[in-house]
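Trainee: Supplied in structure tokens, the structure appears directly below.
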Amino acid sequence: MMRATDAEKALAADIWGHFLGERYDAARTLLDSALRESKHPRFKRIEARFLLFEGREAQSAAILSDIIETAWNPGAWELALAGVPVGRAKVLDAHKILFFPVRKCGCTSVLNLLKLIEGKSMRGEHIHQEDTNNQPVRFDALKNTYSEYFSCALVREPAARLMSYHHGNIVARDQLAVHHDGRGEFYGVSTRPTWGEFLENLARYRQVFVTARNHTDPVTSFLGNDPSIYSWVGGMNEFPSLVARLSATSGTELPEVSEMRSPSPTKDLPDMPAELEQLYKDDFTVYGRYF
Amino acid sequence: MSELYNTEILRLTTQIPHTKRLENADVSAVKTSRICGSRITADACVRDGAITGFGQEVKACALGQASAAIVGEQVIGLTEAELTDIAARFRQMVKTGETDFPEKWQKLVLLAPVKDHPGRHGSVVLPFEVLEQMFADLKADSSAA
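Residue numbers (this note's numbering), protein chains in the order written: chain A, 1458 to 1748; chain B, 52 to 196.
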């Protein structure tokens, strides 16, 4: 792996500073000069992020697919956009447990339970500050390297995930604003959209806010297209069953963790607009039986 | 503000009007930019030479989305003559940076900085191309009838 020099690290920090400060053209200009002067892959990753922001998803995907195999600790959205058969998993080697967290599918609760299994304290929502502790795992490794492990994942119907993200993360926790210094807009895009605004502009939210993309990427991008590679896959109503399996596998008594669930939406699930049906088509085909 | 990705342009990306496709359109068209892959699919109802209903699906970059948002604001009531006039002024702006629009089309000036980015010209003219295609198809249909 190529290590970045101090100058490259400082340059990358400056680029991000401009981007987060909503000085996109300055950020892009600085990045273009970095790409001319440095071969370090972190600048290609920033370029992929910027192309996504510009709405040029195909170009962003092309860059990521070229570099993802050698990139350090790629994020969920990068793996998904690159289209590689790799997910991110919490690996407990001591207990031979492998958990693939899918956002808005009970992952906060399970990751906290895994903390208990490791003999540590639960961390509530702060558990996601440790996302870098989840590691990239090739799906085919479940059949060889991890064939003896209990590999598991929780899945959920796409409209319920979307509504949970909007209601719990955007509205109740004000996350888009909090992540941007409390600003009401980020590059002109509201950080406090209504449900209708969010749904209608989901494609743009997924380009502007990486956190929105990570929370709304299809289940298939987190888990691949073959549920049979996992020891256990279940829907949200199977949560107690998963807790029982984790408890039995690890020999650890585990508590109820319902307090970590996102605030529940009060509205009925919406009809999925045609464009979103396309985004989540494979979720229904591959994981629909668990919803 | 002269930057390409200024806040006003980016705000428009979440304000695209007429995003519901029409079921009983008189004409539909699809245009794709060969340069960047941006695509707009649109339907229209036309009465007495003017657009009375419009629906569009915009799968484009941020600049293409912004352009579709501005054009979409003025699309109801649009005639072929007005479209031809505004499209010509817009292409002139994209090529030279020169801006000369009637008041109701002034927002197009926001896209003037694209002049220095030839790779992005294809996507910002896409909303005009799809409308031009529609009027051309209607004309072809009426002359064939």
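A virtual CB, placed ideally from N, CA and C, is assigned to each residue, including glycine.
If you run the structure through DSSP and keep just helix, strand and coil, what is Val1628/A?
Mentor: Of the three classes helix, strand and coil, the one that applies to Val1628/A here is helix, per DSSP.
Trainee: Where does Leu1619/A land, buried or exposed, given buried means 16+ other C-beta within 10 angstroms?
Mentor: It counts as buried.
Trainee: Since Val1676/A and Val1559/A are thought to touch, with beta carbons under 8 Å apart, how far apart are those beta carbons, to the nearest angstrom?
Mentor: Sure, about 5 Å apart at Cβ, within 8 Å.
Trainee: Identify the continuous beta strand (DSSP E) that holds Ser1608/A and give its terminal residues.
Mentor: Element bounds for Ser1608/A: Phe1607 to Val1612.
Trainee: Below 8 Å between beta carbons is the criterion; list the residues of the region 1614-1647 of chain A that meet it against any residue of chain B, in chain order.
Mentor: Listed by position along the chain: Glu1642, Tyr1644, Gly1645, Val1646 and Ser1647.
Trainee: Give, in chain order, every unbroken run of the alpha helix (DSSP H) that is at least 4 residues long and sits entirely within the region 1504-1565 of chain A.
Mentor: 1514-1524 and 1533-1539, all fully within the region 1504-1565 of chain A.
Trainee: Skipping 5 residues on each side, what residues in its chain have a beta carbon closer than 6 Å to that of Ser1678/A?
Mentor: If we look at Ser1678/A and ignore the five residues flanking it on each side, its Cβ neighbours are Ala1537.
Trainee: At a Cβ cut of 7 Å, what residues of the region 1504-1530 of chain A count as close to chain B, listed as they run along the chain?
Mentor: So the list reads Glu1511, Gly1512, Arg1513 and Ala1515, given in the order they occur along the chain.
Trainee: Measure the beta-carbon distance from Ser118/B to Pro178/B and round it to whole angstroms, keeping in mind my assumption that it falls under 8 Å.
Mentor: With 8 Å as the limit, Ser118/B and Pro178/B qualify as a contact, their Cβ atoms being about 5 Å apart.
Trainee: At least one CB of chain A closer than 9 Å to the CB of Ala163/B: is that the case?
Mentor: For Ala163/B, the answer is no, since every Cβ of chain A falls outside 9 Å of its Cβ.
Trainee: At which residues does the alpha helix (DSSP H) containing Arg1661/A begin and terminate?
Mentor: From DSSP, the alpha helix (DSSP H) with Arg1661/A extends over Leu1659 to Val1665.
Trainee: Compute the Euclidean distance between the alpha carbons of Val1743/A and Ile1627/A, then round it to the nearest angstrom.
Mentor: Their backbone Cα atoms lie some 28 Å apart in a straight line.
Trainee: If you check the beta carbons only, do Ser1548/A and Val1612/A fall under 9 Å apart?
Mentor: A quick correction: the sequence has Val, not Ser, at residue 1548/A. Not a contact, by the Cβ cut-off of 9 Å.
Trainee: How would you label Asp1550/A, buried or exposed, when you count the other beta carbons within 10 angstroms and need 16 or more for buried?
Mentor: Under this definition Asp1550/A is an exposed residue.
Trainee: Using only CA atoms, which one of Trp1689/A, Glu1710/A, Asn1671/A and Arg1493/A lies nearest to Gly1532/A?
Mentor: Answer by Cα proximity: Asn1671/A.
Trainee: Should Asn1601/A be labelled buried (16 or more other beta-carbon atoms within 10 Å of its own) or exposed?
Mentor: Exposed, because fewer than 16 other Cβ atoms sit within 10 Å of the Cβ of Asn1601/A.
Trainee: To test your reading of the DSSP string, which unbroken beta strand (DSSP E) runs of 3 or more residues are found completely within the region 96-166 of chain B?
Mentor: You should have 101-110.
Trainee: Could you tell me whether the Cβ atoms of Leu1699/A and Trp1689/A are closer together than 9 Å?
Mentor: Contact flag set, yes.
Trainee: Taking the runs of the alpha helix (DSSP H) that are 4 residues or longer, which of them lie wholly in the region 166-193 of chain B?
Mentor: List check, alpha helix (DSSP H) in window: 172-175.
Trainee: Contact criterion: CB-CB distance below 9 Å. Does Leu61/B meet it with respect to chain A?
Mentor: Yes - at least one Cβ of chain A is within 9 Å of the one on Leu61/B.
Trainee: With a threshold of 9 Å between beta-carbons, can Arg1485/A be considered close to chain B, or not?
Mentor: Yes, Arg1485/A counts as interfacial toward chain B.
Trainee: Can you tell me whether Phe1500/A is helix, strand or coil according to DSSP?
Mentor: Phe1500/A: helix per DSSP, three-state reduction.
Trainee: So with CB distances below 7 Å, who are the chain B contacts of Glu1734/A?
Mentor: Result: empty, since nearest Cβ-Cβ is about 13 Å, beyond 7 Å.
Trainee: When the Cα of Asp1471/A is compared with those of Ser1495/A, Met1459/A and Leu1487/A, which residue comes out closest?
Mentor: It is Leu1487/A.
Trainee: Counting C-beta neighbours from all protein chains within 10 Å, is the total for Lys1501/A 16 or more, i.e. buried, or is it exposed?
Mentor: So Lys1501/A counts as buried.
Trainee: Would you say Val1567/A faces chain B, with C-beta separation under 9 Å as the test?
Mentor: False, the Cβ-Cβ gap to chain B never drops below 9 Å.
Trainee: Below 7 Å on C-beta distance, what does Asp1482/A contact in chain B?
Mentor: Under the 7 Å cutoff, chain B gives Glu54, Leu55 and Tyr56.
Trainee: Got a sec, what are the start and stop residues for the alpha helix (DSSP H) Arg1595/A sits in?
Mentor: Here Arg1595/A belongs to no alpha helix (DSSP H); instead the beta strand (DSSP E) covers Gln1592 to Arg1595.
Trainee: Would you check if the distance between the CB atom of Pro1650/A and the CB atom of Thr65/B is smaller than 9 Å?
Mentor: Their beta carbons are under 9 Å apart, which means Pro1650/A touches Thr65/B by this criterion.
Trainee: Could you say which of His1475/A, His1637/A, Arg1460/A and Leu1570/A lies nearest to Trp1529/A if we only look at CA atoms?
Mentor: The residue with the shortest Cα to Cα distance from Trp1529/A is Arg1460/A.
Trainee: Helix, strand or coil for Met52/B per DSSP?
Mentor: Residue placement at Met52/B cannot be trusted, given a pLDDT of 45 that sits under 50; the coordinates are not used to answer.
Trainee: In chain order, what residues of the same chain have a beta carbon less than 7 Å from the beta carbon of Asp151/B, not counting five sequence neighbours either side?
Mentor: Result list for Asp151/B: Arg140, in chain order.
Trainee: For Trp1534/A, which residues of its own chain have a beta-carbon under 6 Å away from its beta-carbon, when the five flanking residues on both sides are left out?
Mentor: Around Trp1534/A: Val1667, Arg1670 and Asn1671.
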